[in-house]
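Taking my numbering, I'd label the letters of the sequence shown as residues 5 to 167.
Note that CB positions come from ideal geometry on N, CA and C, so glycine has one too.
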Amino acid sequence: NEVRRWKMGEYSNEGFVVAGGNGEGHKLNQLHHPTFIFVDEDQSIYISDRDNHRVMKWRKNAKEGIVVAGGKGQGNSLAQLSNPQGVIVDHLGNVYVADWKNDRIMRWCERSQEGSIVVGGNKKGVQANQIYGPKGLSFDVHGNLYVVDCDNHRIQKFDIDLN
């Protein structure tokens, strides 16, 4: 229930804790089954805190994180996540989350209390506008969003508005 950082070439040490490390829990200095991370240009770390149904942002050298998505218990409202997986941040600071159990990709603007659905959210399925068990996320240089649509055994590409 922690995230550690190692420097390239220094594999004999234990690295050092950059997030969590205070036991399993729901406090702002704790994580409960972290699954995916994204590191931005300021070296802030965004963490999918799966069993707390939230995404946390830990600034460099912070002692606790900030909830940037979810954190209102498990559920399917626009303020909730259900077992978040992949996380990525765009050039505007919007946080994209693979909301695994809700079969959708959510976008959370900075300081928002709710996210918006950008992909899926219309029941799991095999159609092009549906996803089933999303895991990883990535953007290409053109702003296309790639989604690991795990339970459909495919990668989907979506053209979304990044502005």
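> Does the count of Cβ pairs from the region 77-96 and the region 126-135 closer than 8 Å reach three?
Replying inline: no
> Of all the options Asn26, Leu149, Gly137 and Met110, which has the alpha carbon lying nearest to the alpha carbon of Ala73?
Replying inline: Met110
> With distances taken from CA atoms, which of Asp163, Lys161, Asp44 and Lys61 is nearest Ile51?
Replying inline: Lys61
>> Give me, in chain order, the residues of the same chain whose beta-carbon lies closer than 6 Å to that of Asn106; leave out the 5 immediate sequence neighbours on both sides.
In response: Asn80 and Ser86
>> Out of Val59, Asn148 and Asn26, which one is the CA nearest neighbour of Val91?
In response: Val59
>> Using 8 Å for Cβ pairs, my map puts Val93 next to Phe42. What's the rounded Cβ distance?
In response: 6 Å
>> Closest to Gln89 by C-alpha separation, out of Val151, Ile121, Glu28 and Glu114, would be which residue?
In response: Val151
> If you compare alpha carbons, which of Ile164, Phe20 and Leu96 is closest to Arg115?
Replying inline: Leu96
> Going straight from the alpha carbon of Gly24 to that of Asp144, what length do you get?
Replying inline: 30 Å
>> Measuring straight from C-alpha to C-alpha, what distance separates Arg54 and Val101?
In response: 11 Å
>> So the candidates are Phe40, Asp44, Gly19 and Glu68; which of them puts its Cα closest to the Cα of Gln34?
In response: Glu68
> What are the start and end residues of each continuous alpha helix (DSSP H) run of 4 or more residues lying completely inside the region 72-154, in chain order?
Replying inline: none
> What residues in its chain sit with their C-beta under 7 Å from that of Gly27, if we drop five residues either side in the sequence?
Replying inline: Asn5 and Gln34
> Taking the beta strand (DSSP E) that Met12 falls in, what are its first and last residues?
Replying inline: No beta strand (DSSP E) holds Met12; DSSP gives it neither H nor E.
> For the candidate residues Leu141, His30, Gln84 and Arg8, whose alpha-carbon lies nearest to that of Phe20?
Replying inline: Arg8
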